[in-house]
Amino acid sequence: MRRGILVEGNHRVATIMKNDYNLTGSFDYRITMSLYEIEDRVFDEAWTHCQELKVSENSQEGSRVSLERIPTPILNIAMMEHGSGGLRKNEKISPEDTVVFMLGDLQKTVSDKDIKSMRDHPRQRSRFWKSLEEQGLIMAWGNSNVSMLPLYFLLMMPATQKVCLELAKRKFPKTNRLYITACNASLVEDQAVLMSSRNIHQ
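Residues -17 to 184 in the numbering used here are what the sequence shown lists, from first letter to last.
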């Protein structure tokens, strides 16, 4: 293999190393890797939009890849790896990281028609989320709506989504249902939720 794309890695490996060192005083660990072989055409398309692995922590280059440019087969692999429970016991992944990553994937793969359908028909939301579970793209989390937060961010109207993402990046509230309420309210009146969110910031 001459080239490879690291789908999940840097911050997870660093966290595992730090936790291991804090517990034992040494770096004695192993990390299981999943290797996927994909079509040359798909790989080459993704390769042109990926970033080089950084050696310096002082790099000024943005650390996020534009997911809308990454082919769907690779995004599906990323979804499966991100949702895997194998490394989660050893790492710390913020809810905001999960929402931002999955939202980027959903924005690329879910059609406007399906988004409108889920906005108009709440039952379609659970069915869609269940279909992701059946495809192995996300972990099964039962019937809790809170586990569907990335989907609720997707369904938010634009102004509300923007404000809620800003709020999440500052401090992700422990009351995650706030975002579910904001989504449902935005479908009635987007500007009203925007004003309410501004009040939360004060």
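Backbone N, C-alpha and C define an ideal beta-carbon position, used for all residues, glycine too.
Integer Cβ distance of residue i from residue j, believed to fall under 8 angstroms
i	j	result
L136	V92	7 angstroms
P132	T80	7 angstroms
E63	S108	E63 to S108, Cβ: 24 angstroms. No contact.
I120	M61	7 angstroms
R(-16)	W29	Between W29 and R(-16) the Cβ distance is about 11 angstroms, and since that is not below 8 angstroms, they are no contact.
Own chain residues within Cβ distance below 7 angstroms of residue i, not counting five before or after
i	result
C32	I(-13) and V47
E27	P53
R51	H31
S188	In the structure as shown, the chain starts at -17 and stops at 184, and residue 188 therefore has no counterpart that could be examined.
C146	F135, M138, Y161, A164 and S179
W111	M130 and L133
Extent of the continuous alpha helix (DSSP H) run through residue i
i	result
P132	L131 to L137
R152	P140 to R152
R107	R105 to E116
L49	Looking at the DSSP string, L49 is not in any alpha helix (DSSP H), and its letter there is neither H nor E.
L(-12)	Unbroken run through L(-12): none, as it is neither H nor E.
Same chain, Cβ closer than 6 angstroms to residue i, five either side skipped, listed in chain order
i	result
D172	M139, A141 and T142
Y134	Y161, I162 and C165
M84	P132
G86	L49
Y18	I59
Where residue i sits in the DSSP three-state scheme
i	result
Y18	coil
S93	coil
C32	coil
G86	helix
S38	For S38, the predicted structure reports a pLDDT of 46, less than 50, and the residue's modelled location is therefore unreliable. A value from the coordinates is still provided. Note: S38 maps to coil in three-state DSSP.
E78	helix
E225	The question about residue 225 has no answer here: the residues shown for the chain are numbered -17 through 184.
I120	coil
R159	helix
R(-16)	coil
C165	helix
Sequence-distant residues of the same chain with beta carbon closer than 8 angstroms to residue i, five excluded per side
i	result
R101	L137 and L169
Q117	N58
E39	In this predicted model, E39 has a pLDDT of only 49, less than 50, meaning its place in the structure is not dependable; the value taken from the coordinates is given anyway. Around E39: no qualifying Cβ.
K90	L49, E50, I52, T54 and L57
The ligand ADP heavy atom lying under 8 angstroms from the CB of residue i
i	result
E19	No copy of the ligand ADP appears in this structure; indeed no ligand is present at all.
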